[in-house]
Amino acid sequence: MTPTTLFYIFISILIVSFIIDQVLDALNAKHYNDVIPEVLNDVYDTEEYQKSQDYKKTNYRFSLITASFSIITTLAFFFLDGFAIVDGIARDFSENEIIITLLFFGIIMLGSDIITTPFSYYQTFVIEEKFGFNKTTKKLFIIDKIKGWLMSIVLGGVILALLTWFYQTTENTFWLYAWALIAGFTLFMNLFYSRLIVPLFNKQTPLESGSLRDAISNYAQTVGFNLDKIFVIDGSKRSTKANAYFSGFGSEKRVTLYDTLINDLEEEEIVAVLAHEVGHYKKKHIIFNLATSVLLAGLTLYILSLLISNPLLSQALGVAKPSFHIGLIAFGILYSPISTITGLIMNWFSRKFEYQADDYAKNTYKAQPLITSLKKLSKNSLSNLTPHPAYVFMHYSHPTLLERFKNLSK
Ligand SMILES: [Zn+2]
52 MTPTTLFYIF
62 ISILIVSFII
72 DQVLDALNAK
82 HYNDVIPEVL
92 NDVYDTEEYQ
102 KSQDYKKTNY
112 RFSLITASFS
122 IITTLAFFFL
132 DGFAIVDGIA
142 RDFSENEIII
152 TLLFFGIIML
162 GSDIITTPFS
172 YYQTFVIEEK
182 FGFNKTTKKL
192 FIIDKIKGWL
202 MSIVLGGVIL
212 ALLTWFYQTT
222 ENTFWLYAWA
232 LIAGFTLFMN
242 LFYSRLIVPL
252 FNKQTPLESG
262 SLRDAISNYA
272 QTVGFNLDKI
282 FVIDGSKRST
292 KANAYFSGFG
302 SEKRVTLYDT
312 LINDLEEEEI
322 VAVLAHEVGH
332 YKKKHIIFNL
342 ATSVLLAGLT
352 LYILSLLISN
362 PLLSQALGVA
372 KPSFHIGLIA
382 FGILYSPIST
392 ITGLIMNWFS
402 RKFEYQADDY
412 AKNTYKAQPL
422 ITSLKKLSKN
432 SLSNLTPHPA
442 YVFMHYSHPT
452 LLERFKNLSK
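Next comes the structure, spelled out in structure tokens:
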């Protein structure tokens, strides 16, 4: 294979994945006006339904513009030998391969962040604002940006430096060391994310004693679940959208409820949502997801190790001197069709798990408050009630509201 052929394989992968995304989005958009299933008729009143229609259409138009802009800039970057230029800049500063890798990815990420920030600003302060979701101030937006940057520099920098160093010193067995590092990091983050990272962005307070806490404890006791770490997070400082999630395991397991969730739902509904989360834990979904992502990382790193030292990768991107960072970029593009497929499989499992967690909540608590909570949450986030099945298959990690309703009312 010649470098030019490989270059055009990269370009084809980028264009085909753009087209698939756009076809699915368009297919989904064509069904915005479908008749709402009768059992979901009570989700919206006429005015709210109109608002949800506007919200979907606005988001669709906006994503079409951002995706088109992104594919055009990406292709321009490829055709103008952008990677060779950035590689040259990084090499002007240092001869050390680790520093070159860090500078290379630092410049690429800074550049792409500068380009995408106006879009995320528009999304937050124009679209989300218009539909009443946004609670973020401009000051908070900037602070979040800076904190996010510092976090990527510290965490991303350490991991990238170690990966480059492993590659430099161990060559063929590099993937094993890299795998151990990624696995350790994944496990560590799963256990301590809520304690170490979340506090940088949000305030978490233990759920105060009272009837809600009692109701939750009573339920937890009936299923023999030790649930002493229940936290309320101040999600309302950024958005009115609500959520609840489980994190960690063993003695680090905890439940986090958004303050918006507590405001939007009745006590019974919150317990039902929690019962669903306990279901995920009891059915071992959390361990399954963790184990699968570690195994997938191992597979990816192994394939990476087979390809990365091939000089063809860097030549295809117009860079004469092969290096770890250029190999990583080339591999990332070649691997993206495979990661799309593994993503599909993971989404399929995730939707199965949602049914299992819903069943758990139904069997150990009640189905009705879970149904009404799902309807309220859909209404409050102006969700699409009639998504296209192909779109659901590709993108949804949760079954649709209609499917969950049917399963819960069985
Ligand atoms: Zn769930």
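Residue numbers (our numbering): 52 to 461. Every residue gets a Cβ at the ideal spot worked out from N, C-alpha and C, and that includes glycine.
Any non-hydrogen atom of ligand 1 closer than 7 Å to residue i Cβ
| i | result |
| --- | --- |
| residue 408 | yes |
| residue 320 | no |
| residue 454 | no |
| residue 405 | yes |
| residue 331 | yes |
| residue 327 | yes |
Proximity below 8 Å, CB of residue i to CB of residue j
| i | j | result |
| --- | --- | --- |
| residue 336 | residue 404 | yes |
| residue 400 | residue 91 | no |
| residue 73 | residue 118 | yes |
| residue 320 | residue 423 | yes |
| residue 413 | residue 459 | yes |
| residue 245 | residue 305 | yes |
| residue 217 | residue 234 | no |
| residue 241 | residue 299 | yes |
| residue 415 | residue 322 | no |
| residue 498 | residue 341 | Because residue 498 is not part of the residues shown, which for the chain are 52 to 461, the question remains open. |
| residue 316 | residue 196 | no |
| residue 76 | residue 106 | no |
| residue 334 | residue 411 | yes |
| residue 429 | residue 86 | no |
| residue 499 | residue 418 | No information on residue 499 is available, as it lies outside the stretch 52 to 461 that the chain covers here. |
| residue 182 | residue 433 | yes |
Reduced DSSP secondary structure (H/G/I, E/B, other) of residue i
| i | result |
| --- | --- |
| residue 450 | coil |
| residue 361 | coil |
| residue 373 | coil |
| residue 432 | coil |
| residue 297 | strand |
| residue 283 | strand |
| residue 185 | strand |
| residue 131 | coil |
| residue 257 | strand |
| residue 307 | strand |
| residue 145 | coil |
Contacts around residue i, its chain only, beta-carbon distance under 7 Å, and the 5 residues preceding and following it disregarded
| i | result |
| --- | --- |
| residue 331 | 297, 337, 404, 408 |
| residue 215 | 148, 149, 152, 375 |
| residue 184 | 290, 291, 292 |
| residue 142 | 151 |
| residue 104 | 83 |
Beta-carbon proximity list for residue i, same chain, < 6 Å, skipping 5 on both sides
| i | result |
| --- | --- |
| residue 283 | 256, 258, 308, 310 |
| residue 179 | 185 |
| residue 365 | 373, 377 |
| residue 271 | 278 |
| residue 312 | 293, 295 |
| residue 69 | 122 |
Rounded distance between the beta-carbons of residue j and residue i, thought under 8 Å
| i | j | result |
| --- | --- | --- |
| residue 329 | residue 295 | Contact doesn't hold; Cβ gap of about 11 Å is too wide. |
| residue 387 | residue 64 | 6 Å |
| residue 138 | residue 443 | With a Cβ gap of about 41 Å, residue 138 and residue 443 do not count as contacting. |
| residue 129 | residue 60 | About 12 Å separates the two Cβ atoms, so there is no contact after all. |
| residue 174 | residue 113 | 7 Å |
| residue 262 | residue 318 | 6 Å |
| residue 441 | residue 161 | Incorrect: roughly 36 Å between the Cβ atoms, too far for contact. |
| residue 288 | residue 201 | That belief does not hold up - the Cβ atoms of residue 288 and residue 201 are roughly 20 Å apart, past 8 Å. |
Beta-carbon contacts of residue i that lie in its chain and below 8 Å, excluding the five residues immediately before and after
| i | result |
| --- | --- |
| residue 156 | 207, 211, 376 |
| residue 348 | 230, 233, 234, 237 |
| residue 421 | 320, 323, 324, 326, 327, 409, 412, 413, 459 |
Within-8 Å CB hit, residue i to chain C
| i | result |
| --- | --- |
| residue 239 | Checking the listed chains, one finds no chain C in this structure; it contains a single protein chain. |
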